[in-house]
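S.K.: Just passing along the structure, written as structure tokens.
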Amino acid sequence: MPFDRLVRAVDEWAGARGRNDIFAQIGETAYRPEHIEFASQIDPDKFRELVANAEAVVAHAGTGTILTALELGTPVLVMPRHGALKETRNDHQIATAQRFKSLGRVEVAMDEKELAEKLDHLADLPARELISTDASAELIGAIRGFIWGSNPPI
Numbered sequence: 111m112p113f114d115r116l117v118r119a120v121d122e123w124a125g126a127r128g129r130n131d132i133f134a135q136i137g138e139t140a141y142r143p144e145h146i147e148f149a150s151q152i153d154p155d156k157f158r159e160l161v162a163n164a165e166a167v168v169a170h171a172g173t174g175t176i177l178t179a180l181e182l183g184t185p186v187l188v189m190p191r192h193g194a195l196k197e198t199r200n201d202h203q204i205a206t207a208q209r210f211k212s213l214g215r216v217e218v219a220m221d222e223k224e225l226a227e228k229l230d231h232l233a234d235l236p237a238r239e240l241i242s243t244d245a246s247a248e249l250i251g252a253i254r255g256f257i258w259g260s261n262p263p264i
């Protein structure tokens, strides 16, 4: 799903600050960046490589992107899509961003102005504690219980 507002905000910020070291995966946006390198899509292995080597990740509040960055210890700044702006079907990304922020895992910008302010201080973002890619025994047990109830398969 395109997120022109985020792509434009990062591109304009990069142009205003003379930054030429930014890469973005932009999807099928109508807006075409003028100041940053970009690709519509990149394969998952390349995405992980870019995230692992990035100073920080700036993204929508999608859990896949957030979790990949946290798994690799890369600081994350998110600007969630807004349902009221027809960028998504509802405000689930706002809820996701707020929850990850409350856990101390991401920085959040709610609009383009706040995004530019936080981008100006990107180098100040602390490295985050790595998250595990393994599920806990408690989580696995809860999921099994939810799926099979009291009659697990033999």
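In the numbering used here, the protein residues as written are 111 to 264. Cβ coordinates follow ideal geometry from the N, Cα and C atoms, glycine included.
1) Per DSSP, which residues does F113 bridge with? Please list them.
2) Whole alpha helix (DSSP H) runs in the region 206 to 244 with 4 or more residues, listed along the chain?
3) Report yes if the C-beta distance between F148 and A134 is below 8 Å; otherwise report no.
4) Around the C-beta of M111, are 16 or more other C-beta atoms found within 10 angstroms, so that it is buried, or is it exposed?
5) Report the option in P154, Q151, G172 and V188 whose CA atom is closest to the CA atom of L225.
6) Classify T206 as buried or exposed, calling it buried when 16 or more other Cβ atoms lie within 10 Å of its own Cβ.
7) With 16 other CB atoms within 10 Å as the buried threshold, where does I176 fall?
8) Could you check where the beta strand (DSSP E) with E187 kicks off and where it finishes?
9) Count the other CB atoms within 10 Å of the CB of L213; is the residue buried (16 or more) or exposed (fewer)?
M.R.: On the basis of the coordinates in this document:
1) If you number the sequence shown from 1, residue 113 lands on position 3. DSSP, once it has assigned bridges, lists no residue as partnering F113.
2) 222 to 229
3) What you label residue 148 is simply residue 38 of the sequence shown in a count that begins at 1. What you label residue 134 is simply residue 24 of the sequence shown in a count that begins at 1. Closer than 8 Å, so yes.
4) Residue numbering aside, residue 111 sits at position 1 when the sequence shown is read from its first letter. It counts as exposed.
5) Counting from one through the sequence shown, the residue named residue 225 turns up at place 115. Answer by Cα proximity: V188.
6) Start at 1 with the first residue of the sequence shown, and residue 206 comes out as number 96. With 16 or more Cβ atoms within 10 Å of its Cβ, T206 is classed as buried.
7) Here residue 176 refers to the residue found at position 66 of the sequence shown. Classification for I176: buried.
8) Reading the sequence shown from its first residue, position 77 is the one you call residue 187. Note on residue identity: the sequence assigns Leu, not Glu, to residue 187. Element bounds for L187: V186 to V188.
9) Here residue 213 corresponds to residue number 103 of the sequence shown, with the count starting at 1. The residue is exposed, with fewer than 16 neighbouring Cβ atoms inside 10 Å.
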